[in-house]
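Colleague: In the working numbering, the protein residues as written are 81 to 437.
Cβ coordinates follow ideal geometry from the N, Cα and C atoms, glycine included.
On a predicted model such as this, the values are computed, not experimentally measured, just so you know.
I'd like to ask you about the structure that follows.
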Ligand SMILES: Nc1nc2c(ncn2[C@@H]2O[C@H](COP(=O)(O)OP(=O)(O)OP(=O)(O)O)[C@@H](O)[C@H]2O)c(=O)[nH]1
Ligand SMILES: [Mg+2]
Ligand SMILES: [Zn+2]
């Protein structure tokens, strides 16, 4: 049987070991998914990256896209021909899972990455900076239990006083997160970001297109391995430079996933993420005079009082309400769809039954 402690250097921990399926582990190895391609994967057991495919059984027994492996997943696999290719038989339970709504569709999801410990949420100080968008990223990351770290990029394009001012605003909306302003052009800045990376931990880079995610990854690894946006591409608006996801192993023993810039962050419902991101609003709501306070015009509403007193900005509160509504809507449409799918499933079964007769 495989010695699982060999996997610690690529992020395996007690959390996963205690969730290993006894039967699966007695016949298969455990490996980590490095990248996902159209019909194949690459996986690693700590050494080389190995070509892998899904077993027919896994492929055909899968009911939803969330059951298939994604970048960062731990999988059960068999290895052949001197570890040059592998077949994947199953996915281990996930510690965290980042997903987003598939573009255009109401309730379908695209998996972004699994088993990420820390998300670097990047906004560029000069053009992309937006507190409300930052709150959206925080909700998405908090919802799935990933620790957020906020990086403000391109600080070389601004006076340091202006940088400090923005940084303070960020600290105000995310008092528990680490906040770092940096420039990809400054070696010292990059050094301090490298200093945040812990051995055996998995990180991801999140943020809008063009904020400098891939440039940061290249700065961290110390060469221009991955493609970044060039001046000529700046015109082709709406095009993402990074289109694939890959788990990159760093010298420090940390792992990092670059992601394409995301426009839609929707999730099914983000109650926990909202409560964590806007904890002071939840806290305030407990202090309203009426327990059924709608926080719109009631006397003795602690939220309205805090806005009046300048302790809570109206913009932040409105953003909270907006996301709460969206979350409720997504939850509802998800339940609706499940109901429809069930009815449809029944119909199909009926038809098949009648055919047999
Ligand atoms: N002035 C300045 N420019 C930067 C900095 N970091 C990145 N850039 C530039 O910003 C542009 C976009 O950088 P990318 O790294 O490709 O952005 P990205 O976030 O990976 O974008 P997508 O892959 O499309 O999501 C490039 O032209 C970079 O040279 C920085 O710290 N300062
Ligand atoms: Mg990129
Ligand atoms: Zn109230």
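Using three-state DSSP, classify residue 233 as helix, strand or coil.
Modeller: Here the question's residue 233 lines up with position 153 in the chain shown. The answer is strand: DSSP assigns residue 233 an E or B state.
Colleague: Skipping 5 residues on each side, what residues in its chain have a beta carbon closer than 8 Å to that of residue 393?
Modeller: As a working note, residue 393 is residue 313 in the chain shown. For residue 393, where only same-chain residues beyond five positions count, the Cβ hits under 8 Å are 387.
Colleague: Indicate the three-state DSSP secondary structure (helix, strand or coil) for residue 326 in the structure shown.
Modeller: In the chain shown, residue 326 corresponds to position 246, counting from 1. Looking at residue 326 - three-state DSSP - the assignment turns out to be strand.
Colleague: Cβ of residue 301 within 8 Å of any heavy atom in ligand 1?
Modeller: Taking the chain shown and counting its residues from 1, the one referred to as residue 301 is at position 221. No, Cβ of residue 301 sits at least 8 Å from all heavy atoms of ligand 1.
Colleague: Can you give me the C-alpha to C-alpha distance between residue 207 and residue 229, rounded to a whole angstrom?
Modeller: As a position in the chain shown, residue 207 is number 127, starting the count at 1. As a position in the chain shown, residue 229 is number 149, starting the count at 1. Going from the Cα of residue 207 to the Cα of residue 229 covers about 20 Å.
Colleague: By how many angstroms is the C-alpha of residue 377 removed from the C-alpha of residue 99?
Modeller: As a position in the chain shown, residue 99 is number 19, starting the count at 1. As a position in the chain shown, residue 377 is number 297, starting the count at 1. In a straight line, the C-alpha of residue 99 is about 49 Å away from that of residue 377.
Colleague: Taking 6 Å as the limit between beta carbons, can you name the residues of its chain near residue 372, skipping five residues before and five after?
Modeller: Your numbering for residue 372 matches position 292 in the chain shown. Closer than 6 Å at the Cβ level, and outside the excluded window around residue 372, lies no residue.
Colleague: Residue 227: which of 358, 218, 244, 402 sits nearest, CA to CA?
Modeller: To locate residue 227, count along the chain shown from 1; it is residue 147. That would be 218, whose Cα lies nearest to the Cα of residue 227.
Colleague: Evaluate residue 314 with the Cβ neighbour count: other Cβ atoms within 10 Å of its Cβ, from every protein chain shown; 16 or more gives buried, anything less gives exposed.
Modeller: Translated into positions along the chain shown, residue 314 becomes position 234. A caution first: residue 314 carries a pLDDT of 48, below 50, which makes its placement in the model unreliable, though a value can still be read off. The C-beta of residue 314 has fewer than 16 other C-beta atoms within 10 Å across all chains shown, which makes the residue exposed.
Colleague: Tell whether a beta-carbon distance below 9 Å holds between residue 151 and residue 279.
Modeller: Mapped onto the chain shown, residue 151 falls at position 71. Mapped onto the chain shown, residue 279 falls at position 199. Between residue 151 and residue 279, the CB-CB gap reaches or exceeds 9 Å.
Colleague: Can you find a heavy atom of ligand 1 that lies under 8 Å from the Cβ of residue 262?
Modeller: Taking the chain shown and counting its residues from 1, the one referred to as residue 262 is at position 182. Distance from the C-beta of residue 262 to the nearest heavy atom of ligand 1 is below 8 Å.
Colleague: With a threshold of 6 Å on Cβ separation, who are the neighbours of residue 380 within its own chain once the five nearest residues in sequence on each side are excluded?
Modeller: Taking the chain shown and counting its residues from 1, one reaches residue 380 at position 300. Cβ neighbours of residue 380 beyond the five flanking positions: 369.
Colleague: Measure the alpha-carbon distance for residue 258 versus residue 277 and round it to whole angstroms.
Modeller: As a first step, residue 258 must be located in the chain shown, where it is residue number 178. As a first step, residue 277 must be located in the chain shown, where it is residue number 197. Taking the straight line joining both Cα atoms gives about 13 Å.
Colleague: Could you name the residues of the same chain whose beta carbon sits closer than 6 Å to that of residue 194, not counting the 5 residues immediately before and after it, in chain order?
Modeller: As a first step, residue 194 must be located in the chain shown, where it is residue number 114. The answer, listed in chain order, is 150, 152, 153, 174, 177.
Colleague: Is the closest heavy atom of ligand 2 to the C-beta of residue 341 under 8 Å?
Modeller: In the chain shown, counting from the first residue as 1, residue 341 sits at position 261. Yes, ligand 2 has a heavy atom inside 8 Å of this Cβ.
Colleague: Please check the pair residue 202 and residue 233, which I expect to be a contact at CB under 8 Å, by giving their CB distance rounded to whole angstroms.
Modeller: As a position in the chain shown, residue 202 is number 122, starting the count at 1. As a position in the chain shown, residue 233 is number 153, starting the count at 1. About 6 Å; that satisfies the 8 Å criterion.
Colleague: So, for residue 261: in the same chain, excluding its five sequence neighbours on each side, which residues have a beta-carbon less than 6 Å away from its beta-carbon?
Modeller: Taking the first residue of the chain shown as position 1, residue 261 is located at position 181. Closer than 6 Å at the Cβ level, and outside the excluded window around residue 261, lie 232, 235, 243, 247.
Colleague: Give the straight-line distance between the Cα atoms of residue 305 and residue 294, rounded to the nearest whole angstrom.
Modeller: The residue given as residue 305 occupies position 225 in the chain shown. The residue given as residue 294 occupies position 214 in the chain shown. Going from the Cα of residue 305 to the Cα of residue 294 covers about 9 Å.
Colleague: Should residue 98 be listed as close to ligand 3, given that the test is whether its C-beta is under 8 Å from any heavy atom?
Modeller: Here residue 98 corresponds to residue number 18 of the chain shown, with the count starting at 1. Incorrect: residue 98 has no Cβ contact closer than 8 Å to ligand 3.
Colleague: Under a Cβ-count criterion, where at least 16 other Cβ atoms within 10 Å of its own Cβ denotes burial, should residue 405 be classed as buried or exposed?
Modeller: Indexing the chain shown from 1 puts residue 405 at position 325. By the neighbour-count rule (16 or more Cβ atoms within 10 Å), residue 405 is not buried but exposed.
Colleague: Going by C-alpha to C-alpha distance, which of 352, 357, 384, 354 sits closest to residue 364?
Modeller: For the purposes of this step, residue 364 is taken as the residue at position 284 of the chain shown. It is 384 whose Cα lies nearest to the Cα of residue 364.
Colleague: In the DSSP output, what is residue 228 paired with across the bridge?
Modeller: Here residue 228 refers to the residue found at position 148 when the chain shown is read from its first residue. Answer by DSSP bridge pairing, in chain order: 199.
Colleague: What ranges does the alpha helix (DSSP H) occupy inside the region 331-407, keeping only unbroken runs of at least 4 residues that lie completely in it?
Modeller: 351-357, 359-365, 382-388
Colleague: For residue 96, count the other beta carbons within 10 Å of its own beta carbon; 16 or more makes it buried, fewer makes it exposed. Which is it?
Modeller: Working through the chain shown from its first residue, we reach residue 96 at position 16. Result: buried.
Colleague: Report buried or exposed for residue 136, applying the criterion of at least 16 other Cβ atoms within 10 angstroms of its Cβ.
Modeller: Here the question's residue 136 lines up with position 56 in the chain shown. The residue in question, residue 136, is exposed, as its Cβ has fewer than 16 Cβ neighbours within 10 Å.
Colleague: Taking residue 215 as the reference, which of 401, 412, 416, 274 has the closest Cα?
Modeller: As a position in the chain shown, residue 215 is number 135, starting the count at 1. It is 401 whose Cα lies nearest to the Cα of residue 215.
Colleague: Is DSSP giving residue 132 helix, strand or coil here?
Modeller: Locating residue 132 in the chain shown gives position 52, counting from the first residue. Three-state result, residue 132: strand.
Colleague: Would the C-beta of residue 365 count as close to ligand 5, meaning under 8 Å from any of its heavy atoms?
Modeller: As far as ligands go, the structure on display features ligand 1, ligand 2 and ligand 3 and does not contain ligand 5.
Colleague: At which residues does the alpha helix (DSSP H) containing residue 107 begin and terminate?
Modeller: What you label residue 107 is simply residue 27 of the chain shown in a count that begins at 1. Segment 102-107, the alpha helix (DSSP H) holding residue 107.
Colleague: Kindly indicate which three-state DSSP category residue 89 falls into: helix, strand or coil?
Modeller: Taking the first residue of the chain shown as position 1, residue 89 is located at position 9. Note: residue 89 maps to helix in three-state DSSP.
Colleague: Which residues bound the alpha helix (DSSP H) around residue 212?
Modeller: For the purposes of this step, residue 212 is taken as residue 132 along the chain shown, with counting starting at 1. Unbroken alpha helix (DSSP H) run through residue 212: 211-223.
Colleague: Smallest Cα separation from residue 108: which of 281, 308, 349, 172?
Modeller: Within the chain shown, numbered from 1, the residue matching residue 108 stands at position 28. Of the listed residues, the one whose Cα sits closest to residue 108 is 172.
Colleague: Let me know the secondary structure DSSP gives residue 317 once reduced to three states.
Modeller: Within the chain shown, the letter at position 237 stands for residue 317. Residue placement at residue 317 is poorly supported in this model, since its pLDDT is 49, which falls under 50; the coordinates still yield a value, given next. It is coil, neither helix nor strand.
Colleague: If we count the other Cβ atoms within 10 Å of its Cβ and call it buried at 16 or more, is residue 282 buried or exposed?
Modeller: By 1-based counting over the chain shown, the position of residue 282 is 202. That one is buried.
Colleague: Indicate, with yes or no, if ligand 1 has a heavy atom lying under 8 Å from the CB of residue 213.
Modeller: Here the question's residue 213 lines up with position 133 in the chain shown. No, ligand 1 has no heavy atom inside 8 Å of this Cβ.
Colleague: According to DSSP, is residue 152 helix, strand or coil?
Modeller: Translated into the one-based positions of the chain shown, residue 152 becomes position 72. Coil at residue 152, not helix or strand.
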